[in-house]
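So the structure is just underneath, and the comments pick up after that.
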Amino acid sequence: MASDGPDPQSLKSWQDTFQYPVPTVRRVEQELRRDIASNKEKLRALVGTRYRELVGTAETIVSMSRSMEDVDTTLGDIGRRCNPRLIGKKYTHLNQINGETTDQDATKRALGAQLALLHRCSVLISKMLRKRGSPLLVAKLLVISRLLHKNLSEQKSAPPFLETLRNQLSSLRRGLRSRIDKRLSSAKSTVDEVIEALAAYCLATSSSSDDAVAYYHKLRLDAIGNQLEGVKDSGENILAALRLYVQTLQISKAILSRRFTDVLSKLKSRPLLSDPEIRNVDDLSLDVLGRWVATDIINFTPWIKLSELSKQDAEKTIKKWSKSAFDDFVRRSQDGLTTWAEFSPLLQLRKETLELWLCSWSSTPTHSALQILEGTRDVFNGRLKNILSDKANTLDTFGQAVTSAISNWGSAEHGRIQSMWDHELVSLDYSNGAAVFKEAIADRLLGRDADVSVVMDKYQAWLLTIGSLRESIDALREIRWPDVLDEAADEDIDIDLAAILNEDDKQLLWEALEAAVKQAFYALQKSFGDTSKAIGDSNRGEKAAFMLKLIRLVRRDLPHEFIPNDTEFSKDIIPGLQEILAIEIIAATRPLSFATLVNSRSRALAGRTLWEGEPELPVQPSQSTFKFMRRMVESMDRHGHGLWDTSTVHVLQNTLQKELAERVTSFLSSIDSPTESKPDAEEETRPTGNGGGVPTEKPTEALAHDIKLQIYFDTMLLSNASTTGDMRQNPLQEVAEKLRDSFGSEAGSTSKTMDQRAQEYWHRTRLLFGLLAVDPA
19 MASDGPDPQS LKSWQDTFQY PVPTVRRVEQ ELRRDIASNK EKLRALVGTR
69 YRELVGTAET IVSMSRSMED VDTTLGDIGR RCNPRLIGKK YTHLNQINGE
119 TTDQDATKRA LGAQLALLHR CSVLISKMLR KRGSPLLVAK LLVISRLLHK
169 NLSEQKSAPP FLETLRNQLS SLRRGLRSRI DKRLSSAKST VDEVIEALAA
219 YCLATSSSSD DAVAYYHKLR LDAIGNQLEG VKDSGENILA ALRLYVQTLQ
269 ISKAILSRRF TDVLSKLKSR PLLSDPEIRN VDDLSLDVLG RWVATDIINF
319 TPWIKLSELS KQDAEKTIKK WSKSAFDDFV RRSQDGLTTW AEFSPLLQLR
369 KETLELWLCS WSSTPTHSAL QILEGTRDVF NGRLKNILSD KANTLDTFGQ
419 AVTSAISNWG SAEHGRIQSM WDHELVSLDY SNGAAVFKEA IADRLLGRDA
469 DVSVVMDKYQ AWLLTIGSLR ESIDALREIR WPDVLDEAAD EDIDIDLAAI
519 LNEDDKQLLW EALEAAVKQA FYALQKSFGD TSKAIGDSNR GEKAAFMLKL
569 IRLVRRDLPH EFIPNDTEFS KDIIPGLQEI LAIEIIAATR PLSFATLVNS
619 RSRALAGRTL WEGEPELPVQ PSQSTFKFMR RMVESMDRHG HGLWDTSTVH
669 VLQNTLQKEL AERVTSFLSS IDSPTESKPD AEEETRPTGN GGGVPTEKPT
719 EALAHDIKLQ IYFDTMLLSN ASTTGDMRQN PLQEVAEKLR DSFGSEAGST
769 SKTMDQRAQE YWHRTRLLFG LLAVDPA
């Protein structure tokens, strides 16, 4: 801020000004220009007032001259036609008669005349209040009525009617105060109307000019507060409150100049009953009743204490009220805006409010124009940030919908997973670029079934909301503020207002939205984590598949303007969900059984005749292994294609390897040590038991060798189908190594040949097991 410069009145020549810095010279120039404009306005008002008085005086002189000529002519004519001596005698006799009656009736006539004048004043005041007449004239009549009432109440023979008039005057005085308050509080009141109302207030309440100004400021502060009691949806009352604030400051500048004190000085310059406004009121009949009014009433001249404030004192008064009023405006506006929930309308209200202040910047005296700008920004930016936070936190409804769907899974109805090759796709509408068909294909490919779609609709609605907020914030840069910004540059404020309003506020709101979105996703991840822990024991596979689909779809549509591209949403719970899904799918699939490996009639290995080579070795898996792999793919397919990404398939493969390794090991053990007993009832009914296909008697050595060769081929095929590419030991490979050791001296060549044949068979048939055919990472 620049330091205080010299007083322009103390400069002796223009050269003295340029001894100071350029900002100071500019401020001195502006002060001199304002003083010149103020002096011009005062001179114009003074000349106008004196000119009107001069014209009125001239008209009065001309009228008096004409009246005197008429009287002279009339008297001359009477003198010619009448006997002067006779007229003189009659005049003397009449004076004798009047003198005798005057002394007796003077008191009664004075009482009656003053009572009549008081009554006429009350009637006239009531009439003027109804017709919204001049409050200053009403105040003058009230003062006269108060004097008349006081004089009459001191009389010994005061009539009872006087008490009724007193009550009427009290009511009229309250009506006048109400009319003054309305005019002072109204934003439509002009400077002259406000000055007239303040003069009426001083006259009616015997207040000083300072008291009147303080009362005016109090009423305006109350009016601003009343405007902000409840912010409307349009926000018009905030604009109205700011207009009142700006108008009050501008009118205060005029009031604290000589315009107000000149009006009060004019009131003090002559008795009220001599005021032309009072004398010209015909309803009072002052020409008849006025001569009976008491002398002290006739000569009563109001006295009002005037305070001639200097320019510095006036500015100090304005700044004091400006600061307190604006602080109240900010506080009430912040309280009122707490009910606003829409972002774009509030941005529009912000623009209109700032435009209103910027257009009034240079013409409004205030404690600090920059503080008003900053305070207005804080009012709107604070609420805008809260709205952004509230809008972002609505993502919680998506998390609640997921939690509700999981908790009510058993009682809700769930549609079947639709296949990519469903015949219903043929009957879809192919118009408009086959939009419906493509959407149906995308839904089935990504696993957006009915359950997922219902929940994802909430997330998509949230994304649309965030996108709308982002566009509204970006649009702040496009706002073009009034050209008044170029004229509003103060020498003490060296800042770029357009950059503050368009760039700084935009960055502030963008950062607030980014923080709110990140916090909303953090809360959503926590909600997903809590939901995954509450899956329960029923329908675990379906629930895990449901959550995995949602997580994948959310990852596809992350708002990357606010969320980093490398963010892995809910990565901590995905392994657990994948493991639950894998366990449930394996449990729901009929297990691998080697019961059909040996023909019960011929006691020979099924498919032995299809072996090739020298020595003959298997070229394809056993029937039970092939069917098991198909059953596994069908179980995976029942949960939808969109679920099986690489990581989920790898988790399933790892779990499947352990399960298959246990089954193959159990079967090989049963070959070496067959049992004569049948499986118990529990073993027969358990779908995941390990005793399927256990021989009841020990096979021959040749048959046992063939079985191990076929099992080795099946094991290597299953190993190829479930290879995940990680460095951990494959349990099926361990089983294969044990089998390889039992092949004797030809183990190396035999195992190598079958390894190659199993790998080739898998590459030929892998498309039959599409969901399992995932290349190792």
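When we follow this note's numbering, the leftmost residue of the sequence shown carries the number 19, and every step to the right adds one. Glycine included, each C-beta is placed from N, C-alpha and C at the ideal position. All values reported here derive from a predicted model rather than from experimental measurement.
So, helix, strand or coil for residue i, using DSSP?
i           : result
residue 635 : strand
residue 708 : Any answer about residue 708 is weak, because its pLDDT of 38 lies below 50 and its placement is not dependable; what the coordinates show is given next. Residue state, collapsed to three classes: coil.
residue 311 : coil
residue 579 : coil
residue 326 : coil
residue 135 : helix
residue 761 : coil
residue 172 : coil
residue 25  : coil
residue 402 : helix
residue 206 : coil
residue 749 : helix
residue 657 : coil
residue 593 : helix
residue 426 : coil
residue 698 : For residue 698, the pLDDT reaches just 39, beneath the cut-off of 50, and the residue's location in the model is therefore unreliable, although a value from the coordinates is still provided. Coil at residue 698, not helix or strand.
residue 279 : helix
residue 349 : helix
residue 130 : helix
residue 11  : Because the chain spans 19 through 795 in this model, residue 11 falls outside it and cannot be assessed.
residue 554 : coil
residue 510 : Confidence is the limiting factor: at residue 510 the pLDDT is only 48, short of 50, which leaves the residue's position unreliable, though a coordinate-based value still follows. Coil at residue 510, not helix or strand.
Which first and last residues belong to the alpha helix (DSSP H) in which residue i is found?
i           : result
residue 780 : 765 to 783
residue 587 : Premise fails: residue 587 is in no alpha helix (DSSP H) and is neither H nor E.
residue 196 : 179 to 203
residue 235 : 227 to 245
residue 32  : 32 to 35
residue 63  : 40 to 99
residue 151 : Careful: residue 151 lies outside any alpha helix (DSSP H) and carries neither H nor E.
residue 731 : 719 to 739
residue 255 : 254 to 272
residue 375 : 361 to 378
residue 558 : 558 to 574
residue 382 : Premise fails: residue 382 is in no alpha helix (DSSP H) and is neither H nor E.
residue 527 : 523 to 551
In terms of DSSP beta bridges, what is residue i paired with?
i           : result
residue 295 : For residue 295, which the question treats as bridged, DSSP gives no partner whatsoever.
residue 630 : 635
residue 623 : 616
Closest to residue i by CA distance: which of the options is it?
i           : options               : result
residue 539 : 410, 614 and 655      : 410
residue 163 : 222, 202, 206 and 205 : 222
residue 67  : 723, 179, 531 and 280 : 280
residue 820 : 200, 149, 125 and 159 : Look at the range of the chain in this structure, 19 to 795, and you will see that residue 820 is not part of it.
residue 3   : 497, 640, 499 and 418 : The structure shown does not extend to residue 3, since the chain spans only 19 to 795, so no value can be given for it.
residue 393 : 423, 350 and 537      : 350
residue 41  : 668, 51 and 23        : 23
residue 624 : 643, 179, 600 and 633 : 643
residue 377 : 391, 780 and 171      : 391
residue 323 : 388, 220 and 386      : 220
residue 679 : 55, 630, 646 and 733  : 733
residue 778 : 765, 731 and 563      : 731
residue 265 : 209, 333, 297 and 233 : 209
Cβ of residue i versus every heavy atom of the ligand SAH: is any distance shorter than 6 Å?
i           : result
residue 152 : Among the ligands in the structure shown, none appear at all, so the ligand SAH cannot be discussed.
Q: Flag this pair as touching only if the segment 588 to 604 and the segment 566 to 573 have three or more C-beta atom pairs under 8 Å; answer yes or no.
A: yes
Q. Any chance the segment 53 to 67 sits against the segment 272 to 280, with 3 or more Cβ pairs inside 8 Å?
A. yes
Q. Okay, do the segment 547 to 554 and the segment 627 to 641 touch, 3+ Cβ pairs below 8 Å being the bar?
A. no
Q | Segment contact flag, the segment 513 to 527 with the segment 603 to 615, C-beta cutoff 8 Å, min 3 pairs | A | no
Q. Quick one: any contact between the segment 236 to 245 and the segment 181 to 194, if contact means 3 or more CB pairs under 8 Å?
A. no
Q.
Under 8 Å: do the segment 217 to 233 and the segment 302 to 313 share three or more Cβ pairs, one atom per stretch?
A. no
**Q.** Cβ contact check for the segment 648 to 664 and the segment 780 to 792: 3 or more pairs under 8 Å
**A.** yes
Q. Are three or more beta carbon pairs between the segment 260 to 270 and the segment 310 to 320 nearer than 8 Å?
A. no
Q.
Measuring CB atoms only, is the segment 575 to 587 touching the segment 530 to 539, in the sense that at least three cross pairs come out at less than 8 Å?
A. yes
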